[in-house]
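Before any comments, here is the structure.
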Amino acid sequence: MAKTPIEEDALEQMVMSRTFREPRIDLDGKSVLITGGTGSFGKRFVETICRDYKPRKLIIFSRDELKQYEMAQQFSPSDYPFLRYFIGDVRDESRLEQAMRGVDIVIHAAALKHVPIAEYNPFECIKTNVMGAENVVRATIKCGVKHVCALSTDKAANPINLYGASKLAADKIFTAGQHMGGADGPIFSVVRYGNVVGSRGSVIPFFRKLIDEGTDHLPITDPRMTRFWITIEQGVNFVLSTLAMARGGEIFVPKIPSMSMVDLAHTIAPKLPHKVIGIRPGEKLHEIMVPSDDARSTVELSDRFAILPAYAGELMARYLGQGANRVPDDWSYSSDNNAEQLDGPSLRELIGEANAA
């Protein structure tokens, strides 16, 4: 089937068909800390909080002084008196405890995220993604934090690479934190989503860089490959809504569209040919966000799925009583079986919906 040329910004328009704005937590008067706060997610999260809320304190916790300096030029404590910049590493539990004193809510976004780099630097990946997660859980419990939301990835489901395995371990650590903290401990939750449109290190900026440099083709690892897609704004909204609805120990998965890498390349550069270069170490053909083994403990809501802790029978009953539905036992949610595929007629339909919104 012949492809219809699409403008470069069309992908972001298409995946914005869901906003994930409701429900939304009230952060006015709260003290909030975000680890990895100078990354792509962190910057948009800080921008959103500065625009929409009046927190008592917003602490940007990260290890790179240059990125903090550059971010402070855009978000200055002189303009936003509630902002605090903390140099620190999630590998350092004592520094986390210092930063979390008096904090109500923690967003854990710090991680080593590049798949091939993690494959070749496994010890560093484990120290940040697994031991760092343990440190965050310990520090939040010790400091009396009320709510913790950790960012995960589709690569954590049925992982085949070290990055995904480390994030699966982190997911388990945060969901286990719910009973580790006891009745008076924090509410722990995890959000798991797919590739972020335009984030650092993602394929879209890479493709655009090649185009700007005058490339005569775009590299495709495998023409069968598919991926989930979400925008940074959607990701931030999803976290804020998760903070409002989480009861403890859930992994929340947004309903978002998928797209083949061939269609993505055509979307960005309709006239450029493609060259198949082969799958990189640790890559999958398709990503999955809810494996079939988790279906027994998964419920479906209007705009998301929630994987509930296996031991939380009361929580399952609560969700079902509020209108959620159980998914079939043999069901899974992957980028190739996702009913919402961004190609062909459905692609043009989603563009129309976005333009009409």
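Numbering of the sequence shown is given in our numbering, commencing with residue 50 and proceeding in unit increments. C-beta atoms are modelled at their ideal positions from N, C-alpha and C, and glycine is treated no differently. In this text, all values refer to a predicted model and were calculated from it rather than measured experimentally.
Do the stretch 246-265 and the stretch 294-309 make contact, defined as three or more Cβ pairs closer than 8 angstroms?
No, the stretch 246-265 does not touch the stretch 294-309.
Extent of the continuous alpha helix (DSSP H) to which V252 belongs
Walking along the sequence shown from the start, residue 252 turns up at place 203. First-last of the alpha helix (DSSP H) with V252: V252 to D261.
May I have the straight-line CA-CA distance separating I55 from I317, to the nearest angstrom?
Your numbering for residue 55 matches position 6 in the sequence shown. Your numbering for residue 317 matches position 268 in the sequence shown. With a pLDDT of only 38 at I55, under the threshold of 50, the placement of this residue in the model should not be trusted, and no figure is reported.
Take Y129 as the anchor and find which of T189, R140, T97 and D113 has the nearest alpha-carbon.
Taking the sequence shown and counting its residues from 1, one reaches residue 129 at position 80. With distances taken between Cα atoms, Y129 lies closest to T97.
Compute the distance between the beta-carbons of Y212 and G331, then report whether it is under 8 angstroms.
As a working mapping, residue 212 is identified with position 163 in the sequence shown. As a working mapping, residue 331 is identified with position 282 in the sequence shown. Cβ atoms of Y212 and G331: closer than 8 angstroms.
Ends of the alpha helix (DSSP H) at R367?
For the purposes of this step, residue 367 is identified with residue 318 of the sequence shown, where counting begins at 1. Counting along the chain, the alpha helix (DSSP H) containing R367 begins and ends at G362 to G370.
Identify whether V325 lies in helix, strand or coil by the three-state DSSP scheme.
The count along the sequence shown starts at 1 and reaches residue 325 at position 276. Looking at V325 - three-state DSSP - the assignment turns out to be strand.
With a 10 Å radius around its C-beta and 16 neighbouring C-beta atoms as the bar for buried, classify Y118 as buried or exposed.
Walking along the sequence shown from the start, residue 118 turns up at place 69. Its Cβ having fewer than 16 others within 10 Å, Y118 is exposed.
Unbroken alpha helix (DSSP H) run spanning L145, endpoints
Locating residue 145 in the sequence shown gives position 96, where the first residue counts as 1. Taken as a continuous stretch (DSSP letters only), the alpha helix (DSSP H) holding L145 covers E142 to A148.
Quick one: Cα of A388 to Cα of I337, how far?
Within the sequence shown, residue 388 is the residue found at index 339, counting from 1. Within the sequence shown, residue 337 is the residue found at index 288, counting from 1. Taking the straight line from one Cα to the other gives about 13 angstroms.
Within a Cβ cutoff of 7 angstroms, which residues of the same chain sit near E398, ignoring the five residues on either side of it in sequence?
For this step, residue 398 is matched to residue 349 along the sequence shown. Caution is warranted here: a pLDDT of 45 is assigned to E398, below 50, making its placement in the model unreliable, and the coordinate value is therefore given only provisionally. Excluding positions up to five away in sequence, the list is empty.
At the level of alpha carbons, what is the spacing between I74 and W278?
Numbered from 1 along the sequence shown, position 25 holds the residue referred to as residue 74. Numbered from 1 along the sequence shown, position 229 holds the residue referred to as residue 278. Between I74 and W278, the C-alpha separation is close to 24 angstroms.
Nearest neighbour of Y3, chosen from E146, S143, G263 and K116 [CA to CA]:
Summary: the structure shown does not reach residue 3, with the chain confined to residues 50 through 406, and so no result is reported for it.
Can you tell me which of L82, N210 and T202 puts its alpha carbon nearest to the alpha carbon of Y169?
The residue labelled residue 169 in the question sits at position 120 within the sequence shown. Residue N210 is the option with its Cα nearest to Y169.
Nearest to L391 by CA position, among G362, A188, L313 and D141, is which residue?
Translated into the one-based positions of the sequence shown, residue 391 becomes position 342. Checked all of G362, A188, L313 and D141; the closest Cα to L391 is L313.
Please report the distance separating the alpha-carbon of T87 from that of D265.
Within the sequence shown, the letter at position 38 stands for residue 87. Within the sequence shown, the letter at position 216 stands for residue 265. Each residue's Cα considered, the two are about 34 angstroms apart.
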